[in-house]
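Residue numbers (the working numbering): 160 to 440.
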């Protein structure tokens, strides 16, 4: 929400124009803010926003979340929550674009459909958090702990997850084109049907990652580890594979890919290979 300069009344946050700024990239994906905008428009004029004061810490019991109740759908854009305890907070549909959440404890929090564009969640604890359908365009999540988090159908374009931990995370149907996952750990995660075009996956640990039906056009997989990874039925094209580690249990999209990668690799152990020729793309 922003404040009208003439009468001081609250009016809808004008920066959100999904139809103009956020093109739909696939037929199955619907913008997560559709319902949220409707709810904000329906808010009674002058209704109080139940957000805390920026940069302050409320009085809480030991181990109790500082989020409090009633923050779902709140306008918290640009607020500072650095290192705050927001564990288990209900932030469904909240506006958190540009917010500073570095090092915040959001374990088990509900951020379903929240607007986190350009927010900074570097080193934040988000294990088990529900981010289904959240808007994470350009969000900073470097070194964040997202193990077991629900990231299904999220919009992660240009997000920075360098060195993040995403083991067992649910990324099914996520739109993560241009995402940076350099050095990230995605062991056992599920990215079935996700869009990862031009993703930076250099040095990422993708062991056991499910990528069946995913789209990986022009991805950078140099130095990544895809042992036991399921790429069956994935669309893999023009990928950079230098120093890629794979195993006999890696599932490739087609027999042609399996042959191409094998011919460009050398064996490093009985069941493990490494690509030495970047022509396997």
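All residues carry an ideal CB built from backbone N, CA and C; glycine is no exception.
Do you know whose CA, among the options, lies nearest residue i's CA?
{"i": "residue 396", "options": "384, 387, 419", "result": "419"}
{"i": "residue 254", "options": "261, 273, 263", "result": "273"}
{"i": "residue 399", "options": "381, 388, 421, 406", "result": "381"}
{"i": "residue 230", "options": "284, 269, 357", "result": "269"}
{"i": "residue 392", "options": "234, 426, 414", "result": "414"}
{"i": "residue 288", "options": "248, 411, 299", "result": "248"}
{"i": "residue 327", "options": "405, 312, 349", "result": "349"}
{"i": "residue 441", "options": "416, 417, 427", "result": "Shown here, the chain extends from 160 to 440; a query on residue 441 therefore has no answer."}
{"i": "residue 312", "options": "290, 301, 379", "result": "290"}
{"i": "residue 244", "options": "236, 235, 284", "result": "284"}
{"i": "residue 412", "options": "394, 379, 335, 376", "result": "394"}
{"i": "residue 372", "options": "425, 410, 236", "result": "410"}
{"i": "residue 429", "options": "417, 416, 405", "result": "405"}
{"i": "residue 377", "options": "407, 425, 336", "result": "336"}
{"i": "residue 275", "options": "282, 408, 407, 236", "result": "236"}
Please say whether residue j and residue i have beta carbons closer to each other than 8 Å?
{"i": "residue 330", "j": "residue 310", "result": "yes"}
{"i": "residue 390", "j": "residue 374", "result": "no"}
{"i": "residue 332", "j": "residue 353", "result": "yes"}
{"i": "residue 435", "j": "residue 423", "result": "yes"}
{"i": "residue 325", "j": "residue 295", "result": "no"}
{"i": "residue 271", "j": "residue 293", "result": "yes"}
{"i": "residue 280", "j": "residue 260", "result": "yes"}
{"i": "residue 246", "j": "residue 264", "result": "yes"}
{"i": "residue 370", "j": "residue 340", "result": "no"}
{"i": "residue 338", "j": "residue 308", "result": "no"}
Assuming residue i contacts residue j (C-beta within less than 8 Å), just tell me the rounded distance between them.
{"i": "residue 286", "j": "residue 266", "result": "5 Å"}
{"i": "residue 257", "j": "residue 277", "result": "5 Å"}
{"i": "residue 365", "j": "residue 345", "result": "5 Å"}
{"i": "residue 367", "j": "residue 387", "result": "5 Å"}
{"i": "residue 342", "j": "residue 322", "result": "5 Å"}
{"i": "residue 232", "j": "residue 262", "result": "That pair is no contact at about 25 Å."}
Mind checking whether the beta-carbon of residue i lies closer than 7 Å to any heavy atom of the ligand MN?
{"i": "residue 415", "result": "Although the ligand MN was asked about, the structure shown includes no ligands whatsoever."}
**OP:** Mind listing, in chain order, the continuous alpha helix (DSSP H) runs of no fewer than 4 residues lying wholly within the segment 383 to 431?
**Re:** List check, alpha helix (DSSP H) in window: 414 to 422.
Original post:
Hey, which unbroken runs of the beta strand (DSSP E) at 3 residues or more fall wholly within the segment 235 to 293?
Top reply: Correct list: empty.
Subject >> Unbroken stretches of the beta strand (DSSP E), 3 residues or longer, contained in the segment 313 to 396 >> reply: Qualifying beta strand (DSSP E) stretches, in chain order: 374 to 376, 394 to 396.
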